[in-house]
Each structure stands twice: as C-alpha cells, then as structure tokens.
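*Asks:* In our numbering, the protein residues as written are 99 to 962. For glycine and all other residues, C-beta sits at the position ideal for the given N, C-alpha and C. The structure under discussion is supplied below as structure tokens; questions concerning it will follow.
Have a look at this one:
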C-alpha cells in the first residue's frame, strides 16, 4: 500500500507538469519560430544582449553604461531569471522566459494545493488558474515575469509553512520553516519589493495557521516561525536588499525628503494606483481595454499611471507646459482573475459560513476566512491615492519608496487563486465524490445555504445580463465622454465604446457557462465515475476564458528585422565608447516629433542602442533619479550646450532642414560648433519595424557637436574644490573653459606653473567593456586624466599595475592623477561580492535541506 501512494503522487505531478507544459507551449507556440521573440517593454532583447548584462559576469555586478553617464545595475540575483539568461542566451531567453515562468508558477501552485490535501484534479485546475491568471500573465508579457516567479516562490513558502503545521517532529518542522524563509528570500530575490509584499501575507498566514492549530504554545510557535522565516529570507535575499537600499533608495530623491515636497512624494509614490471602478477588470478583462496599442478599439483608456492633476490640467496650456512628460494613462498589466475562478472563490467564502459537516473542515473554514480577509486588505491597499487606506502603510519605513500601490493586486490574486482551489475542493467533496443518489439530499443549514446560493446566483446572472444590455445601449454616451474628457478622436472613441461593450458581453457569456456547469454539478449530473468529465469541462471553461483574455497581451516580432544593423546604427556603433548620443526634448516640426518619439524614444533608445552598446545621454526609465544627477542637471539648467560639452555628447539627432542653423544661432551663436554629419531617411514596415538608411536627401540628420569634450583626455591645469555647489556654479559659468581646466574634489595639490593644456599629451582606448576600461596615456607633464564617465565607489583604478586613487572630477566624472610619461591606466568595476556569496550560500544550504528533508520523510512509516 505504501509503495502505491508515491506512485500515484508521482503520476499526478507528471500529469500536472505535462498539462501545464502543453498549455504554455500552445499559447506561446510562436516562440518555436527561429526569428520570433516576445515583446518585452521592460527588459527588451536589446538590453538583454548588451555588454552590461553579459553572463556570467553580471553575477559580479553590472554597470549600465548605455544611458546617462553610466550607473550601477546591482548584481545578477540568485534565482531563475539570471540562470536562464546564462543558459539560454539573450535570444533564447526572450523566446522562452515568459512561458517558463508561467509553467513554474502553475507547478508551484499545484504543490501548495497538493500539500493542502486537495484531489489531483483540483490541484491541476488550481495550477492552470495560477499559470493563466491575467495579472501575472500580462506582467510577464510586459517584461516583468519576475513577478510570476516571486509568486511561485511564495507558493513554495506557503507549502513549507503548511507542512510545518502538521510535521511529525520538531526537527522536521524547523527545517520546513527554514525552507519557507529561504523561499521567501527567493521571492524577494526575483521580485524585489513584490516579493517583500508577498512576505507580509506569508508571515500572516504562518502566524494565523499556528493560532488555529490544536497544539500547545501556539502564539510562541507563530512568533518563532515568523522570526525564523524573516531571518533566513533576509540571508538569501541579502544581495537584492542591498541593491535596493543602495541603488533604489540611498542617494536618490526618494531618500531626501527635503528635495521633494510632501504632496510631490505622495503623488510620486501613488501614481500607479488602481481606480476603484477599475476593480471591475477582475471580472471583465477588457472593460477599460488592454495594452495602449491593442487594435480594434482595445487600447487602454483607464487612468492607471495618470499624473496627479491631469484631468483638471490637461486642457490648460500652462499646465501642459509645466508637465511635459505627464502621463494621462499607462497600461502594462491586466487584472482579470477569470469569471469561473471568482465565482468558485465566492462559493467557498459563502459555504465557509455553514456549520462544520458541510463542504469544509473547521480548519479549512478558518483558512478560507483568512484568505478572504487577505484579498480584501490587498484590494483596498491597491486603490492607493483613490482611497484612504494606503496612507497608513505608506507611513511605514521604506513603503514610501514602493511606487506602485497596484502591486498589492499581486497578493489579491494569490488569495483569489487559493480561494478558488478551496472552493473546487469543497465542490468536489460535496457533489462529485459521494455515491450516486445522495447529492443534493441535505438537511438543515446546508440545504438552506444551497437554496440561497442558487437564488442569489440566479439573480446575479440576471442582473449581469441586464447590466450588459444597459451598457451596450450607452455606447454613444461613452464615446462622447471619451471625446470630451479624455481627448480621443471620434472614430477611436466609437471603436473603444464598441470594444468595451463586447468585453462585457464575453464576461457575461462565461458567467452563464460557469453558472450552468456549477448548477449541473450540484444537481448530481457528474457524480461518481462521471466526475472526470466535470473536471474536463471546468478546465475547458477556465482555459478558454483566461486564454481569450490573455491573447491581447501576447506580442511577437521578428528580431532579425527589428535589430538589423542599418547604416546609422553602424556609424554610431563604431567605437561607441568615444561619444554619446542624444535627441533634445524640444518642440519642432512633425518630422522631428516622429524622430524623437517614435524612432529615438520608443525604438533606438530602448532597443537598438543597448543591443549595439551605443551610449546615450538619455534614460528611457528613471523613476528614482540619483540626487547627484538631479543636482548636476539642475545646475546646468537650460544650458544644454554646456551639458553636451561636459558629457561627451558628440551626436545629436535632428531634422535636415534648418535644425542645425537654429542650434548654432540660439545655442552656440559665437562658436557655431554644430554641423550636419550624416543625413538619413526612416521607413516603417507593416509590422512597425523602424529602418534607417544613410541618404543624402533624407529628412533627418545626425548632427555633430564638435565642442563636446573627448571621452578621455589629459589636463595639466586643475583646480581643487571641496564645495560641490561652488563646483556646479563654476561648471555652469560661461567663462569656465572645460577644455583647458578640470575641477577636482579631493585633497590633492592644485596645479601650479603648468604648461597649456594642449601640451598635456594624448590618451587612447586600449580596451573597453562596461566593467573594464583600459587607457594608454602619454603625459607630457604631471596631469589629471579625466574619463567622462560617472564616478562610483565601486570603481577601482590602477596606474601601471599599481593601485591609484580615483578622483571625482567636474562633480560627477572619474579621474586619476598621473606623473609625466607613458602609462597604462585601468578602471575596473568591482562591487563587493560578500552579499552575493551570502545569497549563494543560503541557496545551496536550502537545496541541501530539501535533500535531507526528502530522505528523512521518505523513511518515516506511512510517508506518502
């Protein structure tokens, strides 16, 4: 008998893995096409292929040199993401990372439901609901699959915690609690603040779970469990936490309350809130549309990501001018849980209030109440600035740095998935396992609850149908609202209104189908041997409903076409470390708007530039700008010529008409250092791929700014300044000549009686990568070697093989002091490896504990 139980368990696991693999392979079948990769707004193929993320050296730290003046990128975290990038390479990762993530998520959910003791079919359906949940599915397709992996690890933590509740020994319980903590650490390592949010709910689950156990010292066990989990989670996630505190918090505006007003900080932190009405997206996926570029009227028209004050101010030219980058909306995630999932979850909640002896045990009822409460709390917090609840958690340490209250929708969906599994188990236990002829023959409170559920369900279906009809008849009013208040064109507004009505219709259809199937199940249609057909039909509805809702989020493109090396990119990619590129954010003509927004902003800056390691002064996403960057740019103000001069910005993208002449007249009237370098034209194919080619008659131009400082140069003249504000004032002063003199912050003697800077000598690049720069310098006199890349404490320097002090020059740049003569100067980016080693050690320790636990429990009598 004992040997048959592991065999059945193994078969159930293999069946679940096969079904999940089949579903994800079918949904993402285009990934098998050689040139097709998935679109990813966050983490596109170009970034994955950049030198900064080259594996395995990314484990030792990443320096992101393709934007601004360079910035620290943390370390490659221990977990699935960077391991897959290493194993699959950038192209393979772009193809298979998303389906792999969803497969792992479904499988980890299956493990948790199996540990709860649910039947194999219920576990499989719960795993499918997790893998296809639109919140995590859409985030994965947007380039944020780490959130799905964070949830997968959270399910593993819940599995370990629940197993500890019923462990047969103190040692076994202790090992499981440690594994739960390590799984939480993995969730944080993958999902950063998302994992931290999950950890709060897991901790609450652990404490509550001990409270409802029939055991001694329940409170002490609950506190001890949470404390041990927190300790081991912190150990495994040490690397990610350190990066978050040093890169995303310390030294940024978020870390400096004086730099941002109270209202500004609140608006910044709550910009991505879920409007209360948009909570309906949990049951109607496309009510407010999907992506911003979904065709046929499906583009998102809600207000997630909207700049505070946009509704009142977007019609005021003065407000628009003061907020040039204000978002009216920003879509990147769906919130659909599935009609069947929500319906069954609600059934579980309703049935949990029926006395024991019904569908659930006493412990199960309390767990259902816990997850119902967790879902409600998470939903209320996700409303952010649109409700009063988020202000309480915002006041806690570090929560003001989490810029997205909608992240609390992740634990909301986790709770709903778990309630769905509980509901399915209750339905299976009550209506599908009993002997034929006994279903529906209940007395007392159970019978009354069934009647009430049937009546309420019928009313809900009827009201839903009526609501759809009313909404469909109001398309004209909705279209008018979109035109008058959201600045849509009439045709687009009509298409959106029609599409939204259709989405409501589809949800009503699946509600009717789900309700009808549940009614047949409760009537005994599938009792006993026919139960398998109930499972099949439930799976069909689940996959069809969630699959339809997820389809708009999937977007493929031909990467060989998208990343083709056209003439302009080839020119910029030639020794890209010797110059930076930019496109000024100015109002010009329609051609320039196309170039700035479509070609440069959406394509080159985020995709082709990092792919070819072309370095740009601009940064596509910078929600937490470093305080030194803000101070630097503020000091230079509108003097963008001085900014380009100091930052080695040699190339400017513009139009080929009188763009250069205007730059010379308005920005550099004395020296007139702008000239057309190369003219080019731009085309776009049917798949929206941008192609640029060198064209003497082209409408656009690559403009050279001949006044830009070299990336590396020698200075025989320098001044020492220990006052940063004075340094910034000097740099902005038109009388200061940065070609002749450099400002050094540090205790070195000031230059005296030095020859003109022209006699300083020469510097050339011997070797360049994102983390290693080797220069050959021939100094004609004692000099400062200035490298116009951002200084950072983790950069180390050697001169002729000997350690040298890195000087902070011109407020932000790197430099070293050289004596006269020929020298080899090497800069290496070497962040501390101790936190990485701690996380790696914790991971290996966790794997060893898994082996120990598996061996010891398999040897125990009656082990499954």
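With DSSP as the reference, label residue 661 as helix, strand or coil.
*Replies:* Residue 661: coil per DSSP, three-state reduction.
*Asks:* What separation, rounded to the nearest whole angstrom, lies between the Cα atoms of residue 854 and residue 794?
*Replies:* So the alpha carbons of these two residues sit roughly 40 Å apart.
*Asks:* Do the CB positions of residue 657 and residue 143 come within less than 7 Å of each other?
*Replies:* Yes, the Cβ-Cβ distance between residue 657 and residue 143 is below 7 Å.
*Asks:* So, for residue 178: in the same chain, excluding its five sequence neighbours on each side, which residues have a beta-carbon less than 8 Å away from its beta-carbon?
*Replies:* Answer for residue 178: 198, 199, 202, 247, 288, listed in chain order.
*Asks:* How many angstroms separate the CA atom of residue 114 from the CA atom of residue 929?
*Replies:* The alpha-carbon atoms of residue 114 and residue 929 are separated by roughly 42 Å.
*Asks:* Please name the residue in 813, 831, 869 whose C-alpha comes closest to that of residue 852.
*Replies:* Ranking 813, 831, 869 by Cα distance to residue 852 puts 813 first.
*Asks:* Quick one: what's residue 424 bridged to in DSSP?
*Replies:* In the DSSP output, where bridge partners are listed per residue, residue 424 has none listed.
*Asks:* Answer with buried or exposed for residue 191, where buried requires no fewer than 16 other C-beta atoms within 10 angstroms of its C-beta.
*Replies:* Under this definition residue 191 is a buried residue.
*Asks:* From residue 425 to residue 399, what distance separates their C-alpha atoms?
*Replies:* C-alpha separation (whole angstroms): 12 Å.
*Asks:* Note down the Cα distance separating residue 174 from residue 119, rounded to an integer number of angstroms.
*Replies:* Roughly 27 Å between the two C-alpha positions.
*Asks:* At the 7 Å Cβ level, is residue 244 part of the contact set with chain B, yes or no?
*Replies:* In summary, chain B is missing from the structure at hand, where a single protein chain is found.
*Asks:* Is the Cβ-Cβ distance between residue 164 and residue 706 less than 7 Å?
*Replies:* Going by C-beta atoms, residue 164 is not nearer than 7 Å to residue 706.
*Asks:* Comparing C-alpha positions only, which one of 555, 593, 492, 572 sits nearest to residue 614?
*Replies:* Of the candidates 555, 593, 492, 572, the one whose C-alpha sits nearest the C-alpha of residue 614 is 555.
*Asks:* Which residues does DSSP list as the beta-bridge partners of residue 162?
*Replies:* Beta-bridge pairing links residue 162 to 169.
*Asks:* Quick one: Cα of residue 878 to Cα of residue 886, how far?
*Replies:* Approximately 21 Å, taken between the alpha carbons.
*Asks:* Given a cut-off of 7 Å on the beta-carbon distance, is the pair residue 435 and residue 380 in contact?
*Replies:* Yes, Cβ-Cβ distance for residue 435 and residue 380 is below 7 Å.
*Asks:* Among the residues of its own chain, which have a CB less than 8 Å from the CB of residue 309, if the five just before and after it don't count?
*Replies:* Cβ within range, chain order: 316, 317, 320.
*Asks:* Counting C-beta neighbours from all protein chains within 10 Å, is the total for residue 862 16 or more, i.e. buried, or is it exposed?
*Replies:* Classification of residue 862: exposed, given that the 10 Å Cβ count is below 16.
*Asks:* Does residue 571 pass the burial test, meaning 16 or more other C-beta atoms within 10 Å, or should it be called exposed?
*Replies:* Classification of residue 571: exposed, given that the 10 Å Cβ count is below 16.
*Asks:* Pick out whichever of 867, 676, 826 has its Cα sitting closest to the Cα of residue 811.
*Replies:* That would be 676, whose Cα lies nearest to the Cα of residue 811.
*Asks:* Using 8 Å as the threshold, is the segment 128-140 in touch with the segment 668-687, meaning 3 or more CB pairs across them?
*Replies:* Touching, no, given that fewer than three Cβ pairs across the two stretches are closer than 8 Å.
*Asks:* Please determine if the segment 250-262 and the segment 207-215 are in contact, where contact requires at least 3 C-beta pairs separated by less than 8 Å.
*Replies:* Enough Cβ pairs lie closer than 8 Å, so yes.
*Asks:* List in chain order: all unbroken alpha helix (DSSP H) runs of 4+ residues lying wholly within the segment 368-418.
*Replies:* You should have 408-411.
*Asks:* If you check the beta carbons only, do residue 218 and residue 110 fall under 7 Å apart?
*Replies:* In this structure, residue 110 lies closer than 7 Å to residue 218 by Cβ.
*Asks:* May I ask which residues mark the beginning and end of the beta strand (DSSP E) holding residue 271?
*Replies:* Careful: residue 271 lies outside any beta strand (DSSP E), inside the alpha helix (DSSP H) at 268-289.
*Asks:* Since residue 447 sits in a beta bridge, which residues does DSSP pair it with?
*Replies:* The partner list for residue 447 (beta bridge, DSSP) is empty, contrary to what the question assumes.
*Asks:* From residue 590 to residue 395, what distance separates their C-alpha atoms?
*Replies:* Their Cα atoms are separated by approximately 7 Å.
*Asks:* Note the first and the last residue of the continuous alpha helix (DSSP H) segment covering residue 691.
*Replies:* Residue 691 -> alpha helix (DSSP H) spans 688-691.
*Asks:* With distances taken between CB atoms, is the gap from residue 327 to residue 270 smaller than 7 Å?
*Replies:* Their beta carbons are not under 7 Å apart, which means residue 327 does not touch residue 270 by this criterion.
*Asks:* Do the segment 799-806 and the segment 770-789 make contact, defined as three or more Cβ pairs closer than 8 Å?
*Replies:* Enough Cβ pairs lie closer than 8 Å, so yes.
*Asks:* Excluding sequence positions up to five away, which residues of its chain have a Cβ less than 7 Å from the Cβ of residue 717?
*Replies:* Excluding sequence neighbours, residue 717 sits near 165, 166.
*Asks:* Which residues in the same chain as residue 182 place their Cβ atom closer than 7 Å to its Cβ, once the five residues preceding and following it in sequence are excluded?
*Replies:* Same-chain partners within the cutoff: 191, 195, 198.
*Asks:* Output the boundary residues of the alpha helix (DSSP H) element that contains residue 825.
*Replies:* 822-830 is the extent of the alpha helix (DSSP H) around residue 825.
*Asks:* Who does residue 900 pair with in a DSSP beta bridge?
*Replies:* 897, per the DSSP bridge assignment.
*Asks:* Can you tell me whether DSSP reads residue 867 as helix, strand or coil?
*Replies:* Reduced to three states, the DSSP call for residue 867 is strand.
*Asks:* Give the secondary structure of residue 240 by DSSP, where H, G and I count as helix, E and B as strand, and everything else as coil.
*Replies:* Coil, per DSSP.
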